[in-house]
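Below: one structure, written as structure tokens.
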Amino acid sequence: MAPELELGRYRLLGRSGLRVSPLALGTLTFGTEWGFGTDEAEARRIFDTYVEHGGNFIDTANNYTNGNAETWVGRFAASRRDRLVLSTKYSFRTARDPNSGGNHRKSMVRAVEASLRRMATDYIDLYFVHAWDGVTPTDEVLRGLDDLVRSGKVLYLGISDTPAWQIARMQTMADLRGWTPLVGLQVEYSLVERTAERELLPMGAALGLGVIPWGVLAAGVLSGKRRRSEGDAAGPDGVLSEARLNGTVASGGPSERSYAIAQVVQAIAAEIGRTPSEVAIAWTLANPLVTSPLIGARTLTQLEANLRALTIELDAAHLVRLEEVSRIAPGFPHEFLATEKVRTNLSANVRR
2 MAPELELGRY RLLGRSGLRV SPLALGTLTF GTEWGFGTDE AEARRIFDTY
52 VEHGGNFIDT ANNYTNGNAE TWVGRFAASR RDRLVLSTKY SFRTARDPNS
102 GGNHRKSMVR AVEASLRRMA TDYIDLYFVH AWDGVTPTDE VLRGLDDLVR
152 SGKVLYLGIS DTPAWQIARM QTMADLRGWT PLVGLQVEYS LVERTAEREL
202 LPMGAALGLG VIPWGVLAAG VLSGKRRRSE GDAAGPDGVL SEARLNGTVA
252 SGGPSERSYA IAQVVQAIAA EIGRTPSEVA IAWTLANPLV TSPLIGARTL
302 TQLEANLRAL TIELDAAHLV RLEEVSRIAP GFPHEFLATE KVRTNLSANV
352 RR
């Protein structure tokens with residue numbers, strides 16, 4: 002099936018009526034301010050091709066390439082704004098002022114106003130807390146976000162890179178107080194980094210958050226472009242490499258386990274006549290708890306290759322091999338609760 006037909010097979014985002022494409026276009030690579038990425042002409046080709054294939058879900062952030070990514074997204078989207086779902090984020094500092102970052106109301110309002118200006122739009126479709134700061138009161142964050150929705154500047158809310166217990170607390174608080182609930186959840190998730198399966202993914206399904214994985218190629222390890230001999234250090238002026246910014250962050254960088262997983266991905270790709278990137282993305286899409294993985298690209302060729310993942314359906318044998326090589330320990334309390342003795346004593350071993 003052609004990629005354009007698949008990108009147009011929209012999915013509902015969490016417990017909302019918002020329709021989004023099964024692959025979201027990430028824009029971390031829009032600009033070269035961080036020492037990697039692409040120029041404006043190539044970024045426009047990437048954007049236009051994604052939209053022409055039926056894609057409608059564009060993800061950015063107020064700090065990506067020092068704000069340049071948002072500016073370009075707004076410029077590229079201008080003639081077709083209403084048909085697109087524009088998603089952006091706030092949390093990280095954008096200036097020396099300590100209040101230019103964090104989850105608090107001042108940072109939030111300042112950030113959303115700046116994002117609206119950069120993207121030259123009256124509203125943001127989906128607004129994310131980029132990462133949990135650990136100091137702002139939860140009710141301050143939620144009430145501030147609810148005010149943005151009530152003002153019409155934001156339509157839907159999401160959260161990224163936050164502990165599951167905190168997100169569950171937020172969702173419960175929003176329900177009890179009649180505030181706008183969260184509907185989107187961004188997490189690092191790939192064959193290399195599967196720990197989100199322990200709490201975050203099932204929480205998303207239970208509480209109505211559509212899961213949007215990032216780092217699906219594990220900073221290039223799963224695509225085969227990164228080898229054991231390559232480092233992962235900071236570049237000029239202490240700016241972290243693309244790998245550290247966009248993959249394997251939770252695990253601290255590539256490991257021998259990562260490369261072992263990549264070898265199986267490469268073997269399966271060779272067997273079915275596809276690329277490793279396509280196989281890795283297709284594996285993520287095969288998880289029913291996932292709504293729309295984020296894909297990024299520095300070239301149009303990379304984007305087109307990533308879109309072809311929508312035309313793959315991995316068979317059961319392939320999924321078993323990938324499961325075995327990438328398996329993680331569930332940890333406590335999951336392993337304890339899964340033991341036969343505990344299951345028998347709790348529920349006569351009845352399962353859903």
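Note that our numbering has the sequence shown beginning at 2, numbered continuously upward.
We put the CB at the ideal spot given by N, CA and C, even for glycine.
With a cut-off of 8 angstroms on the beta carbons, I'd call residue i and residue j a contact; round off their distance for me.
i	j	result
glycine 297	glycine 185	With 8 angstroms as the limit, glycine 297 and glycine 185 do not qualify as a contact, their Cβ atoms being about 18 angstroms apart.
alanine 263	leucine 223	5 angstroms
leucine 8	glycine 56	5 angstroms
leucine 26	tyrosine 51	5 angstroms
proline 294	isoleucine 313	Actually they do not touch by this definition, with Cβ atoms about 13 angstroms apart.
alanine 206	serine 161	Wrong, their Cβ atoms sit about 17 angstroms apart, outside the cutoff.
alanine 219	valine 193	4 angstroms
leucine 85	alanine 78	5 angstroms
leucine 201	alanine 165	5 angstroms
arginine 199	proline 331	6 angstroms
valine 130	threonine 163	7 angstroms
serine 92	glycine 103	7 angstroms
Tell me the DSSP bridge mates of residue i?
i	result
threonine 89	Tyr128
glycine 159	Phe129, Gly185
valine 291	Val212
arginine 353	Bridge partners of arginine 353: none, in fact.
glycine 27	Asp60
leucine 13	Arg20
isoleucine 296	Leu26
Hey, quick one: how far does the beta strand (DSSP E) through residue i stretch, first residue to last?
i	result
proline 214	211–215
glycine 179	Element bounds for glycine 179: n/a, residue is neither H nor E.
Suppose you measure from the CA of residue i to the CA of residue j; what does that come to, to the nearest Å?
i	j	result
leucine 286	arginine 12	12 angstroms
serine 259	alanine 197	16 angstroms
lysine 154	valine 113	8 angstroms
proline 138	histidine 105	8 angstroms
leucine 143	tyrosine 190	25 angstroms
leucine 320	tryptophan 284	7 angstroms
glutamate 34	tyrosine 65	9 angstroms
proline 1	valine 212	As displayed, the chain neither begins before 2 nor continues past 353, which places residue 1 out of reach and without an answer.
serine 278	leucine 24	14 angstroms
serine 108	serine 152	17 angstroms
phenylalanine 58	aspartate 140	29 angstroms
phenylalanine 37	glutamine 303	15 angstroms
threonine 300	isoleucine 47	7 angstroms
asparagine 69	histidine 54	24 angstroms
valine 291	threonine 30	23 angstroms
alanine 235	leucine 347	The predicted model places alanine 235 with a pLDDT of 38, which falls under 50 and marks its position as unreliable; any figure quoted below should be read in that light. If you take the alpha carbons of alanine 235 and leucine 347, they lie about 51 angstroms apart.
arginine 352	proline 99	50 angstroms
lysine 398	threonine 340	Nothing can be reported for residue 398, as the shown portion of the chain is limited to 2 through 353.
alanine 306	aspartate 316	20 angstroms
serine 22	lysine 342	44 angstroms
glycine 203	alanine 115	For clarity, residue 203 is proline in the given sequence; the question names glycine instead. About 34 angstroms.
arginine 275	leucine 308	12 angstroms
proline 255	valine 217	13 angstroms
glycine 145	alanine 96	21 angstroms
valine 280	proline 214	15 angstroms
histidine 335	threonine 345	15 angstroms
alanine 244	alanine 349	Unreliable placement is indicated for alanine 244, whose pLDDT of 42 sits below 50; no coordinate value is reported for it.
glutamate 324	isoleucine 269	13 angstroms
If we call anything under 8 angstroms between Cβ atoms a contact, is residue i one with residue j?
i	j	result
leucine 183	glycine 159	yes
leucine 149	aspartate 126	no
asparagine 63	threonine 89	yes
valine 326	alanine 261	yes
threonine 72	arginine 119	yes
threonine 28	threonine 61	yes
tryptophan 180	aspartate 134	no
arginine 328	valine 265	no
arginine 94	threonine 122	no
leucine 208	glutamine 172	yes
May I ask which residues mark the beginning and end of the alpha helix (DSSP H) holding residue i?
i	result
isoleucine 329	Isoleucine 329 -> no alpha helix (DSSP H), and no H or E assigned at all.
alanine 112	106–120
phenylalanine 48	41–53
isoleucine 59	Run containing isoleucine 59: none in the alpha helix (DSSP H); it sits in the beta strand (DSSP E), 58–60.
threonine 302	301–308
arginine 76	69–78
tryptophan 35	No alpha helix (DSSP H) holds tryptophan 35; DSSP gives it neither H nor E.
glutamate 141	139–152
glutamate 257	257–273
arginine 344	341–348
leucine 286	277–286
With respect to 7 angstroms, is the separation between the Cβ of residue i and the closest non-hydrogen atom of the ligand GTP below this value?
i	result
threonine 163	The ligand content of the structure shown is nil, which means the ligand GTP is not present either.
So with Cβ pairs under 8 angstroms, would you call residue i a contact of chain B?
i	result
tryptophan 73	Absent here is chain B; the protein component of the structure consists of one chain.
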